[in-house]
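As given, the protein sequences belong to chains A and B, one line each in that order. This note's numbering numbers the first residue of the first sequence as 1 and each following residue consecutively. This note's numbering numbers the first residue of the second sequence as 1001 and each following residue consecutively. Even glycine gets a Cβ: it sits at the ideal position worked out from N, Cα and C. Contents: one structure, followed by commentary.
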Amino acid sequence: MVKTGHIGRKETAALCMMVGTADVFLHYPQQISLMGGSAAWMIPLLSMGIAFVVWWFVGPTLVALQGEGLSGNRSHRARWLVLLFSLLTVGALLIDMSTTMRLFTETVIATVLPRSPISFIAVPLLLVVLYYAYVGIEGLSRVAALLAVPLLSGLAVLLLLNFNWVKFDFLFPFFGRGGVQVALSGLVVTSVFKNILLLTVLGSLLRKGEDVQKAGYWSILMIGLVYTGVTLMLLLTFSADGAQRAPFPLYQLGRLVYAGTFVQRLESAFVFIWVAMALLKLAAELWVMVYLVATACRLPQYRPLVFPIGLIVFGLSFLPGSYTEAMELNTKWMLMWGSVLFHGVPVSLAIWLRLQKPKRGGRHEPERKPA
Amino acid sequence: MSIWRQLAGWMEFKDRSLDEDFSLIPEAERDDRAEATEEDERPQQLSCSLEENRRTVEQVFSLPLNADVVIREFEIGAAVPFRAFIVFTEGLSDKTTINSYVLEPLMLLATLPPHALEGENRLLTARNKLVPSNQVQVLRQWQDVAFHILTGSTAVFLEGVDQALLVETKGWEHRTVGDTKTETVVRGPHDAFTENLRANTGLVRARLRTERLVTEMVKVGSLAPTDIAVMYMKGLTNPKLVKEVKRRIRDIKVDFLQDSGQLEQFIEDPPRGFAPKMLATERPDRVAQHLSEGYVAIFVGQSPYVLIVPTVLWSLLHTAEDAYIRFPFGSLIRLIRFGSFLTAMLLPSFYIAITNYHPEMIPTDLMLSIAQTREKVPFPVVLEVLLMEVALELIREAGIRIPNVIGPTIGIVGALILGQAAVQANIVSPLLVIVVAVTALASFTMPNYNMSFANRTLRFLFIFASVSWGFYGITLGFMVVLMFWASMKSFGVPMLSPIAPYRPSSPDVILRGSAYGQDRRPGFLWTGNMRRQKRVTLAWDPTVKADPQQGEPQEDEPQPKRQQAKPRRAKGKGGENDG
């Protein structure tokens, strides 16, 4: 088994929440507004409900897996399934991480450092992400736990400072583009709940198995509330039409802040929040990829793979020709169809593992005889 | 010496003829050879012959060349007097004690019966009846005798006895207990440790009067051993922690260990980065408080700083006064201190980032004012900041080295003139002087000296990050530092405990809770008893919510005996207390 550390319940929940909420600083609120219109704020709530159901099914399986990990002593067929699961997960995270990295880099350039070349922004980000992944999951989870409250508080402050621009009329028509559209969109937007996939991998690293379930429920709740709050504030401030035209919603919310002479134009100050969240998300995804590859290849250490895989992601992030191309790729594959992998794979794995029992002897490697 | 011999020596060329030239033998090997030769000739055990013992003493201590060691011959008064001599180190031993409690009773007050003069009875009689010292040892090995003489004890050699009596007579000059130099408080004790190890352990023991307080002595140093005391609470402190501390100290193989600062560098966990991994304090009250919570204290001889292990990052920003003042104000000054920590580290970089990359954040009037003041300054902002920061560092260092008489004058005048002259010469802008001054004040609020160094160093890294990338660079830099701290451990305890990883503990991490709410010991210490007081210690206060488990005693405390209430006497009837 790959050597890693152990993590606690609160740290796991914080890390999963960061991974799930980091994309709220990109164009996701805009896309959700496009889907639901003035009722877009309901979509994350529906998605949260669906995610709770998924987790209700997947969670107990992970509790049973606790301590063994994905590379536990299983039948030959189950190991191939785990290998397939690992490859699919790595592929999904590869696309997600590379597009996210490109989107964040382009967002920084467009909003904060407009005259900088892209490599000047992307390379330091990559180096820090590599450092985070290299240090390991313990450090990642601790930083996430430490920053969770300040970052969420900062986000709440950002939303609340825009309260003087709020108009409740923008919430009507109440069901936006219609109840059916909103419900279907709720099914699609479950892709933002990547924490379920993350917990499938991290579940075996917790000291207590039952903590996995609690971490899952809490992180789903927080992600859902964050997306709901941001979308709601976006709609109340810009209206549905304005929100659909905002490529950097939270940045524009930051620009709107005006509470006196000295409390204005604070969008640059909120760079801390979204760069920190993006960093944690990218580092966590890189770590998961590296861990899965190391597990699949039965390596004792995962650290030597951090730099090569990080470099692959960096190279892939430059494949889209522009920001809009990257946004389209991310929206199409990650937002629209990401739930197939982010939820479908853990559910399939859970079903299979529930049907199988760990076998000893038979067609897998023979047990070692004592000396 | 020919050049070939020199080259051979440098290349450690193995040639028998070269060995004859002593100067070509590597220095370490040469000393070891000489030392080994001398030690081989020295006898291991004492002799019954007084002359032989005296010769050995002269050989060991290089007498009469070495004027520090004194030999005093005398006769012990008895019906048949017999000879003896004492050996002590001048400057380390107290002469009054030697004269009054060693020489006087042996020379003047000894009235030995005849049978007391035979063989070993002389030593036993001297130890049991003649030398009224509170600490006396009987030793037989020369190595042990020499060590004790060098620590201030007086060795008494008697004729015909192959053992020496070591009498405790330590009494070298040392600084008395005074005020703290670096951890001054307004409310709270003002005494501080000194260079005397036993005085320091005594200061702690005077506060923690419990038989469970254990002090284990370890020696480090092959050339000159330094005493190190490891203090902990038996039954409370995690025994694995104590074992690890002793293991790391015993693994130090050096010639001489001077100070606790050196010891800290030898035993700290990797990666050995910016933040200290041990709390160095000169306050006995802090050591006592930490010991009662389950930490381990390490005292180093001749060092006024005691190390407390393990430590977490939050403890490096705490002061003793936080606990002595009422908890709302304790929390307030803690918040100020935490804010100062971030201010000292980030304010100059914020200034650079805002002026260079994010000027839209500044209100228009202020921006115009800044632009006006900076109009005549020919340097970029980063150069201004670096100039002022370097100047401040010079003032800070000079302030430490400068003689006390003119120190404050030079400090004030230098700072004022430097700031004023620099502004008038248009080298820096006035706002920058304010920024740098606030940064300096914030850095002076750091209670831990080592942590302030980390703060000062990191400030420059953040300046370079903000110059290149503005807020983006500051964020990335801060995240790197945060991860570095998150991955650090102090004797196995993560430095960001008890927040990350979360461990239950009393409300004393960032904010200071009430004194009656500090009922738990720090969870990351895994002590023998996690509760240190009852959950609700204000049972008499009706405003404090009662705890359902209030009636249960603590694990280690026996149940208090209930006293029966005295029966009331009826009024009007005569009684003992009636007037």
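Residue i versus residue j: straight-line alpha-carbon distance, rounded
i                      : j                      : result
residue 256 (chain A)  : residue 230 (chain A)  : 14 Å
residue 1498 (chain B) : residue 1317 (chain B) : 14 Å
residue 1248 (chain B) : residue 1267 (chain B) : 6 Å
residue 1471 (chain B) : residue 1372 (chain B) : 24 Å
residue 1448 (chain B) : residue 1319 (chain B) : 9 Å
residue 1453 (chain B) : residue 1274 (chain B) : 8 Å
residue 1383 (chain B) : residue 1392 (chain B) : 14 Å
residue 138 (chain A)  : residue 1443 (chain B) : 31 Å
residue 213 (chain A)  : residue 31 (chain A)   : 30 Å
residue 110 (chain A)  : residue 313 (chain A)  : 22 Å
residue 108 (chain A)  : residue 1229 (chain B) : 55 Å
residue 1210 (chain B) : residue 1294 (chain B) : 14 Å
residue 106 (chain A)  : residue 1482 (chain B) : 25 Å
residue 7 (chain A)    : residue 209 (chain A)  : 11 Å
residue 1093 (chain B) : residue 1279 (chain B) : 33 Å
residue 1424 (chain B) : residue 1418 (chain B) : 10 Å
residue 1485 (chain B) : residue 1271 (chain B) : 10 Å
residue 1189 (chain B) : residue 1183 (chain B) : 11 Å
Of the listed residues the options, nearest to residue i (C-alpha basis)
i                      : options                           : result
residue 114 (chain A)  : B:1523, B:1486, B:1358 and B:1533 : B:1358
residue 1123 (chain B) : B:1076, B:1147 and B:1150         : B:1076
residue 1224 (chain B) : B:1150, B:1238 and B:1285         : B:1150
residue 1325 (chain B) : B:1071, B:1512, B:1092 and B:1542 : B:1512
residue 1262 (chain B) : B:1298, B:1531, B:1240 and B:1238 : B:1298
residue 1339 (chain B) : B:1314, B:1517 and B:1378         : B:1314
residue 1233 (chain B) : B:1490, B:1301 and B:1528         : B:1528
residue 1162 (chain B) : B:1049, B:1096, B:1260 and B:1254 : B:1049
residue 1086 (chain B) : B:1131, B:1080 and B:1043         : B:1131
residue 82 (chain A)   : A:269, A:283, A:207 and A:200     : A:200
residue 1456 (chain B) : B:1519, B:1305, B:1469 and B:1440 : B:1440
Bridge partner(s) assigned by DSSP for residue i
i                      : result
residue 1089 (chain B) : B:1069
residue 1232 (chain B) : B:1214
residue 383 (chain A)  : Residue 383 (chain A) lies beyond the stretch modelled for chain A, which goes from 1 to 371, so this question has no answer here.
residue 1139 (chain B) : B:1164
residue 7 (chain A)    : A:206
residue 1493 (chain B) : B:1490
residue 1307 (chain B) : B:1280 and B:1298
residue 1219 (chain B) : B:1227
DSSP state of residue i mapped onto helix, strand, coil
i                      : result
residue 1100 (chain B) : helix
residue 142 (chain A)  : helix
residue 1170 (chain B) : strand
residue 1045 (chain B) : strand
residue 248 (chain A)  : coil
residue 1227 (chain B) : strand
residue 1508 (chain B) : strand
residue 1453 (chain B) : helix
residue 1297 (chain B) : strand
residue 1179 (chain B) : strand
residue 258 (chain A)  : strand
residue 1440 (chain B) : helix
residue 285 (chain A)  : helix
residue 1094 (chain B) : coil
residue 1201 (chain B) : helix
residue 113 (chain A)  : coil
residue 1151 (chain B) : coil
residue 1415 (chain B) : helix
residue 997 (chain B)  : The question about residue 997 (chain B) has no answer, for chain B in this structure spans 1001 to 1579.
residue 1192 (chain B) : coil
Beta-carbon separation (whole angstroms), residue i vs residue j, contact threshold 8 Å
i                      : j                      : result
residue 249 (chain A)  : residue 234 (chain A)  : 5 Å
residue 1177 (chain B) : residue 1194 (chain B) : 6 Å
residue 93 (chain A)   : residue 328 (chain A)  : About 19 Å separates the two Cβ atoms, so there is no contact after all.
residue 1395 (chain B) : residue 1421 (chain B) : Not a contact, Cβ separation roughly 14 Å.
residue 289 (chain A)  : residue 90 (chain A)   : 5 Å
residue 236 (chain A)  : residue 166 (chain A)  : 4 Å
residue 13 (chain A)   : residue 287 (chain A)  : Going by Cβ atoms, the distance from residue 13 (chain A) to residue 287 (chain A) rounds to 17 Å, so no, they are not a contact pair.
Residue i beta carbon near the ligand NAD (any heavy atom closer than 7 Å)
i                      : result
residue 1142 (chain B) : The ligand content of the structure shown is nil, which means the ligand NAD is not present either.
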